[in-house]
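A.B. asks: Let me give you the structure first, and then I'll get to my questions.
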Amino acid sequence: MTREPILSAKDIEIEFTLRGKVLKAIRRCSIDLYEGETLAIVGESGSGKSVFTKSFMGMLDANGRITGGSIMYEGVDISKYKTEKEWLGIRGKKISMVMQDPMTSLNPLKKIGKQIQESIELNQGIHGEEAKRLAIDMMGRVGIIDPERRANQYPHEFSGGMRQRVVIAIACACKPHILICDEPTTALDVTIQAQILDLIRGLQRDLKMTVIYITHDLGVVANVADRVAVMYAGQIVEYGTAEEIFYYPWHPYTWALLSALPQLGVKGQPLPTIDGTPPNLFNEVKGDAFAPRNKQALAIDFEEEPPFFRVSDTHQAKTWYLDPRAPKVEHPAAILQLREKMKKGR
Amino acid sequence: MAVPEREKLIECKDVQITFGSGRKKFVAVDHVNIHIFKGETFSLVGESGSGKTTIGRAILRINPVSSGEIFFKGRRISGKIDKALDQEVIQKCQMIFQDPMASLNERAKVDYIVSEGLINFHLYKDEEDRQMKVEKALREVGLLPEFASRFPHEFSGGQRQRIGIARALIMEPEFVVADEPISALDVSIRAQVLNLLNNLKKSRGLTYLFIAHDLSVVRFISDRIGVIHKGRIVELAESEELFLHPLHPYTKALLSAVPIPDPQLEKNKKLLVYDPSIHDYSKDKPIWNEILPGHYVWGNEKEQDQYRKEIGL
Numbered sequence: 112m113t114r115e116p117i118l119s120a121k122d123i124e125i126e127f128t129l130r131g132k133v134l135k136a137i138r139r140c141s142i143d144l145y146e147g148e149t150l151a152i153v154g155e156s157g158s159g160k161s162v163f164t165k166s167f168m169g170m171l172d173a174n175g176r177i178t179g180g181s182i183m184y185e186g187v188d189i190s191k192y193k194t195e196k197e198w199l200g201i202r203g204k205k206i207s208m209v210m211q212d213p214m215t216s217l218n219p220l221k222k223i224g225k226q227i228q229e230s231i232e233l234n235q236g237i238h239g240e241e242a243k244r245l246a247i248d249m250m251g252r253v254g255i256i257d258p259e260r261r262a263n264q265y266p267h268e269f270s271g272g273m274r275q276r277v278v279i280a281i282a283c284a285c286k287p288h289i290l291i292c293d294e295p296t297t298a299l300d301v302t303i304q305a306q307i308l309d310l311i312r313g314l315q316r317d318l319k320m321t322v323i324y325i326t327h328d329l330g331v332v333a334n335v336a337d338r339v340a341v342m343y344a345g346q347i348v349e350y351g352t353a354e355e356i357f358y359y360p361w362h363p364y365t366w367a368l369l370s371a372l373p374q375l376g377v378k379g380q381p382l383p384t385i386d387g388t389p390p391n392l393f394n395e396v397k398g399d400a401f402a403p404r405n406k407q408a409l410a411i412d413f414e415e416e417p418p419f420f421r422v423s424d425t426h427q428a429k430t431w432y433l434d435p436r437a438p439k440v441e442h443p444a445a446i447l448q449l450r451e452k453m454k455k456g457r
Numbered sequence: 083m084a085v086p087e088r089e090k091l092i093e094c095k096d097v098q099i100t101f102g103s104g105r106k107k108f109v110a111v112d113h114v115n116i117h118i119f120k121g122e123t124f125s126l127v128g129e130s131g132s133g134k135t136t137i138g139r140a141i142l143r144i145n146p147v148s149s150g151e152i153f154f155k156g157r158r159i160s161g162k163i164d165k166a167l168d169q170e171v172i173q174k175c176q177m178i179f180q181d182p183m184a185s186l187n188e189r190a191k192v193d194y195i196v197s198e199g200l201i202n203f204h205l206y207k208d209e210e211d212r213q214m215k216v217e218k219a220l221r222e223v224g225l226l227p228e229f230a231s232r233f234p235h236e237f238s239g240g241q242r243q244r245i246g247i248a249r250a251l252i253m254e255p256e257f258v259v260a261d262e263p264i265s266a267l268d269v270s271i272r273a274q275v276l277n278l279l280n281n282l283k284k285s286r287g288l289t290y291l292f293i294a295h296d297l298s299v300v301r302f303i304s305d306r307i308g309v310i311h312k313g314r315i316v317e318l319a320e321s322e323e324l325f326l327h328p329l330h331p332y333t334k335a336l337l338s339a340v341p342i343p344d345p346q347l348e349k350n351k352k353l354l355v356y357d358p359s360i361h362d363y364s365k366d367k368p369i370w371n372e373i374l375p376g377h378y379v380w381g382n383e384k385e386q387d388q389y390r391k392e393i394g395l
């Protein structure tokens, strides 16, 4: 890819202070984001995927701070921003966010229309009737039927899926450049989930947005993502195009994630599981963070942290398996199966 | 039925469940005719608000049925029953809840949480016997006996769900209602809990009613699946049969929405939307019909004909 990234995070480190102890939530994470693409970040809870993307908007909790690295956006290193005033130029205007739970991210005391209007007034400097008209227009765009009447209703009068549409309307009202969707469908039913994903895809095309999805559902990833980054214990361990990650993954953690999916399991046989727990990030992690849970770990995994190895122009993985000196390792059965199916489909 | 007569552990006949009364009456579940064989995993799938949990709760006698009957091992357990049978149902039918973060008493130690059922029914000889039973139940779900003296907040989501399962197991149930037991869990933990449920089914001969909204998980774990929409079971079949030959338009819509972890398939899939107004039930009344052995579908005469054509009968 010769395109210039629109947002480029380099070696980001984020620390939290909790009860006097320092927790390294993000350990040197880098990612490039390209115009118009959909990037999905996957990982289990606690892997730091939300924290990482929140740092793009200056939304870290008060006890957290960026201690290293840079985030270049439009020629400025936004990781050095200190004041709220600086962030307000980015947050909501350029980079916007859709939260996970539509039940809690709306104000229950305010009418829906007002809440969307608020976002427009704050970020675009349009006020009164004009802003109201834009808010209603936006509601129609996210597929709310009869927006004029619905704008005068309160959040409790909306179903979960409709509320998520409202949250998306608020996030997209200012036509942001980058939209971050943090588990946008986890709290929703499957049928509604598919509709919301379709809606975000449509808006992305119309408003020319770049979208980052944060999710742990690999089905959603397969549906939406152009590129996928897999996160584990505060680091990106593998990234590549969706096809590369699903059919030709290299990192043992990606293998484990895919193999543990019930959709790929064989009935009557136990699913391969990921035993153990993620490392405690209060302590220094030695070697490959996933090694203690990896049944096929190499000796060096416990000693030295692997660098990124290049698989293709778009695909890199942080595992010693790709070192030319490493012994040959078998890909797990579930992935070989997936690959077979893909080849047959072609 | 083709298979030799299997023992029906649970049977629901024309069950209707309503909430409220008079003008506010709301029919949550209607015309439910299902049976669950001993030793199988029967799944109920539907969106939120479709009444799947209500059916599970009705079988456990938490929600009363307003009409129809429910049988457990051939004995009626709905409506008024004598005390001995009531106690038996409470012991033999257990439930695993959705959210392990909300379903455990935060102020009680694991020891008490797990043994509460035993205490209620005095199912232990002495203190030593009780502790032994708790230890056994904890081991069975893959937890250490030392955990008994800890509080729920010291555990991760997966471990908490195991405590919930241990609590159900200690009563030595025959029938377990698992209400979305893995929806609130992380991907890596899901596989562990599913394996655990499957192993327990084999070793203990358990029967499950598995309630879920995610069809992809259900296919892996269940023997038969019932699809429920707005309080009505619209289709019921063996799980592979349902995935290969879905008949009812709602089942088709639900299947089309299932996310598949395969980018090629997923990006080319076509989403079907279910429109309930396609059914014209004004004259031709719908019935619950066994269209193939073991494959039931809800529809009127005209639709049944069309479904028959679809499967080439």
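Here the protein sequences come in this chain order: P and Y. The numbering used here numbers the first residue of the first sequence as 112 and each following residue consecutively. The numbering used here numbers the first residue of the second sequence as 83 and each following residue consecutively. No residue lacks a Cβ here, since even glycine has one placed at the ideal position from N, Cα and C.
With C-beta atoms as the reference, is Pro-213 (chain P) less than 8 Å away from Val-278 (chain P)?
C.D. replies: As a first step, residue 213 (chain P) is located in the first sequence; it is residue number 102 there, counting from the start. As a first step, residue 278 (chain P) is located in the first sequence; it is residue number 167 there, counting from the start. Yes, the pair counts as a contact, with Cβ atoms nearer than the cut-off.
A.B. asks: So that I know if they touch, is there some Cβ in chain Y lying closer than 8 Å to that of Ser-156 (chain P)?
C.D. replies: Residue mapping note: residue 156 (chain P) aligns to position 45 of the first sequence, counting from 1. True, the Cβ-Cβ gap to chain Y drops below 8 Å.
A.B. asks: Does Arg-143 (chain Y) get closer than 8 Å to chain P when you measure Cβ to Cβ?
C.D. replies: Counting from one through the second sequence, the residue named residue 143 (chain Y) turns up at place 61. Not one chain P Cβ lies under 8 Å of Arg-143 (chain Y).
A.B. asks: Are Val-440 (chain P) and Tyr-432 (chain P) closer than 8 Å when you measure CB to CB?
C.D. replies: To locate residue 440 (chain P), count along the first sequence from 1; it is residue 329. To locate residue 432 (chain P), count along the first sequence from 1; it is residue 321. In contact: Val-440 (chain P) and Tyr-432 (chain P) (Cβ atoms closer than 8 Å).
A.B. asks: So is Phe-269 (chain P) in contact with chain Y if we call contact Cβ pairs under 8 Å?
C.D. replies: Residue 269 (chain P) sits at position 158 when you count from the first residue of the first sequence. For Phe-269 (chain P), the answer is no, since every Cβ of chain Y falls outside 8 Å of its Cβ.
A.B. asks: Comparing alpha-carbon positions, which option in Y:Phe-325, Y:Ile-178, Y:Val-196 and Y:Asp-96 lies nearest Val-275 (chain Y)?
C.D. replies: Taking the first residue of the second sequence as 1, we reach residue 275 (chain Y) at position 193. Considering only alpha carbons, the answer is Y:Ile-178.
A.B. asks: Leaving aside the five residues before and after Ala-219 (chain Y) along the sequence, list all residues of the same chain whose C-beta is less than 7 Å from its C-beta, in chain order.
C.D. replies: Counting from 1 along the second sequence, the entry for residue 219 (chain Y) is found at position 137. Counting only Cβ-Cβ distances below 7 Å, and skipping sequence neighbours, we find Val-196, Ala-248, Leu-251 and Ile-252.
A.B. asks: Evaluate Gln-388 (chain Y) with the Cβ neighbour count: other Cβ atoms within 10 Å of its Cβ, from every protein chain shown; 16 or more gives buried, anything less gives exposed.
C.D. replies: Residue numbering aside, residue 388 (chain Y) sits at position 306 when the second sequence is read from its first letter. The residue is exposed, with fewer than 16 neighbouring Cβ atoms inside 10 Å.
A.B. asks: Answer with yes or no whether the minimum CB distance from Asn-394 (chain P) to chain Y is below 8 Å.
C.D. replies: Numbered from 1 along the first sequence, position 283 holds the residue referred to as residue 394 (chain P). Cβ-Cβ to chain Y under 8 Å: no for Asn-394 (chain P).
A.B. asks: For a contact meaning CB atoms closer than 7 Å, what does Val-340 (chain Y) contact in chain P?
C.D. replies: As a first step, residue 340 (chain Y) must be located in the second sequence, where it is residue number 258. Within chain P, the residues near Val-340 (chain Y) are Val-301.
A.B. asks: Kindly list, in the order they appear in chain Y, the residues whose Cβ is closer than 8 Å to that of His-327 (chain P).
C.D. replies: Here residue 327 (chain P) refers to the residue found at position 216 when the first sequence is read from its first residue. Within 8 Å Cβ-Cβ: Asp-268 and Val-269.
A.B. asks: From what residue to what residue does the beta strand (DSSP E) around Cys-175 (chain Y) run?
C.D. replies: Locating residue 175 (chain Y) in the second sequence gives position 93, counting from the first residue. That run of the beta strand (DSSP E) goes 175 to 178.
A.B. asks: Name the chain P residues that come within less than 8 Å of Val-272 (chain Y), Cβ to Cβ?
C.D. replies: The residue given as residue 272 (chain Y) occupies position 190 in the second sequence. Residue 272 (chain Y) is actually Arg in this sequence, not Val. Those within 8 Å of Arg-272 (chain Y) in chain P are Ala-371 and Pro-373.
A.B. asks: Do you know how far the Cα of Gly-154 (chain P) is from the Cα of Ser-270 (chain P)?
C.D. replies: Residue 270 (chain P) sits at position 159 when you count from the first residue of the first sequence. Residue 154 (chain P) sits at position 43 when you count from the first residue of the first sequence. One C-alpha to the other measures close to 28 Å.
A.B. asks: Determine the contact status of Ala-333 (chain P) and Glu-372 (chain Y), defining contact as a CB-CB distance below 8 Å.
C.D. replies: For this step, residue 333 (chain P) is matched to residue 222 along the first sequence. For this step, residue 372 (chain Y) is matched to residue 290 along the second sequence. In this structure, Glu-372 (chain Y) does not lie closer than 8 Å to Ala-333 (chain P) by Cβ.
A.B. asks: Met-170 (chain P) lies in the beta strand (DSSP E); which residues open and close that run?
C.D. replies: By 1-based counting over the first sequence, the position of residue 170 (chain P) is 59. Here Met-170 (chain P) belongs to no beta strand (DSSP E), and DSSP marks it neither H nor E.
A.B. asks: Between the alpha carbons of Gly-188 (chain Y) and Leu-329 (chain Y), how many angstroms are there, rounded?
C.D. replies: Walking along the second sequence from the start, residue 188 (chain Y) turns up at place 106. Walking along the second sequence from the start, residue 329 (chain Y) turns up at place 247. A small correction: the amino acid at residue 188 (chain Y) is Glu; Gly does not occupy that position in the sequence shown. One C-alpha to the other measures close to 46 Å.
A.B. asks: For Thr-164 (chain P), return the contacting residues in chain Y, with the cut-off set at a CB-CB distance below 7 Å.
C.D. replies: The count along the first sequence starts at 1 and reaches residue 164 (chain P) at position 53. The contacting residues do not exist; Thr-164 (chain P) stays about 18 Å from chain Y at best.
A.B. asks: Could you tell me the distance, in whole angstroms, from the CA atom of Tyr-206 (chain Y) to the CA atom of Phe-163 (chain P)?
C.D. replies: Within the second sequence, residue 206 (chain Y) is the residue found at index 124, counting from 1. Within the first sequence, residue 163 (chain P) is the residue found at index 52, counting from 1. In a straight line, the C-alpha of Tyr-206 (chain Y) is about 52 Å away from that of Phe-163 (chain P).
A.B. asks: Around the C-beta of Asp-211 (chain Y), are 16 or more other C-beta atoms found within 10 angstroms, so that it is buried, or is it exposed?
C.D. replies: Position 129 of the second sequence, counting from 1, holds the residue named residue 211 (chain Y). When all chains shown are included, Asp-211 (chain Y) counts as exposed.
A.B. asks: Have a look at Glu-320 (chain Y) and Arg-139 (chain Y) and give me their C-alpha separation to the nearest angstrom.
C.D. replies: Working through the second sequence from its first residue, we reach residue 320 (chain Y) at position 238. Working through the second sequence from its first residue, we reach residue 139 (chain Y) at position 57. Taking the straight line from one Cα to the other gives about 23 Å.
A.B. asks: Answer with buried or exposed for Val-301 (chain P), where buried requires no fewer than 16 other C-beta atoms within 10 angstroms of its C-beta.
C.D. replies: Working through the first sequence from its first residue, we reach residue 301 (chain P) at position 190. That one is buried.
A.B. asks: What does Glu-348 (chain Y) reach in chain P if we use C-beta pairs closer than 8 Å?
C.D. replies: Locating residue 348 (chain Y) in the second sequence gives position 266, where the first residue counts as 1. Per Cβ cutoff of 8 Å: Gly-330, Ala-333 and Asn-334.
A.B. asks: So, does the segment 315 to 323 of chain P touch the segment 288 to 306 of chain P, judging by three or more C-beta pairs under 8 Å?
C.D. replies: The segment 315 to 323 of chain P vs the segment 288 to 306 of chain P: in contact.
A.B. asks: Which of the residues in the segment 92 to 104 of chain Y, read from start to end, lie with their CB under 7 Å from any CB of chain P?
C.D. replies: Listed in sequence order: no entries.
A.B. asks: If you measure between the beta carbons of Leu-134 (chain P) and Phe-419 (chain P), is that distance less than 8 Å?
C.D. replies: Walking along the first sequence from the start, residue 134 (chain P) turns up at place 23. Walking along the first sequence from the start, residue 419 (chain P) turns up at place 308. No.
A.B. asks: Check whether the segment 128 to 135 of chain Y and the segment 292 to 311 of chain Y touch, using three or more Cβ-Cβ pairs below 8 Å as the test.
C.D. replies: They touch, by the three-pair rule.
A.B. asks: Measuring CA to CA, which of Y:Pro-345, Y:His-327 and Y:Leu-282 is closest to Tyr-358 (chain P)?
C.D. replies: Taking the first sequence and counting its residues from 1, one reaches residue 358 (chain P) at position 247. Of the candidates Y:Pro-345, Y:His-327 and Y:Leu-282, the one whose C-alpha sits nearest the C-alpha of Tyr-358 (chain P) is Y:Pro-345.
A.B. asks: Which parts of the segment 272 to 330 of chain Y are runs of the beta strand (DSSP E), unbroken and 3 residues or longer, counting only runs that do not cross its ends?
C.D. replies: Counting only runs of 3 or more, we get 289 to 294, 306 to 311 and 314 to 320.
A.B. asks: Looking at chain Y, which residues of the segment 442 to 455 of chain P have a Cβ within less than 8 Å of any of its Cβ atoms?
C.D. replies: Residues passing the 8 Å Cβ filter: Leu-449, Lys-452 and Met-453.
A.B. asks: For Asp-357 (chain Y), count neighbouring Cβ atoms within 10 angstroms of its own Cβ and tell me buried if that reaches 16, exposed if not.
C.D. replies: For the purposes of this step, residue 357 (chain Y) is taken as the residue at position 275 of the second sequence. By the 10 Å Cβ count, Asp-357 (chain Y) comes out exposed.
A.B. asks: Skipping 5 residues on each side, what residues in its chain have a beta carbon closer than 6 Å to that of Arg-114 (chain P)?
C.D. replies: What you label residue 114 (chain P) is simply residue 3 of the first sequence in a count that begins at 1. Only Tyr-145 meet the Cβ criterion.
A.B. asks: Using a beta-carbon distance cut-off of less than 7 Å, what residues from the segment 309 to 329 of chain Y approach chain C?
C.D. replies: Of the protein chains in the structure, P and Y, none is chain C.
A.B. asks: Whole angstroms are fine: how far does the CA of Phe-401 (chain P) sit from the CA of Asn-391 (chain P)?
C.D. replies: Here residue 391 (chain P) refers to the residue found at position 280 when the first sequence is read from its first residue. Here residue 401 (chain P) refers to the residue found at position 290 when the first sequence is read from its first residue. If I take the Cα positions, the gap works out to 12 Å.
A.B. asks: In terms of alpha-carbon separation, which member of Y:Pro-368, Y:Val-109 and Y:Leu-91 lies closest to Gln-98 (chain Y)?
C.D. replies: For the purposes of this step, residue 98 (chain Y) is taken as the residue at position 16 of the second sequence. Among Y:Pro-368, Y:Val-109 and Y:Leu-91, the Cα nearest to that of Gln-98 (chain Y) belongs to Y:Val-109.
A.B. asks: Looking at the secondary structure, which residues open and close the beta strand (DSSP E) in which Cys-283 (chain P) lies?
C.D. replies: In the first sequence, counting from the first residue as 1, residue 283 (chain P) sits at position 172. From DSSP, Cys-283 (chain P) is part of no beta strand (DSSP E) but of the alpha helix (DSSP H) over 271 to 283.
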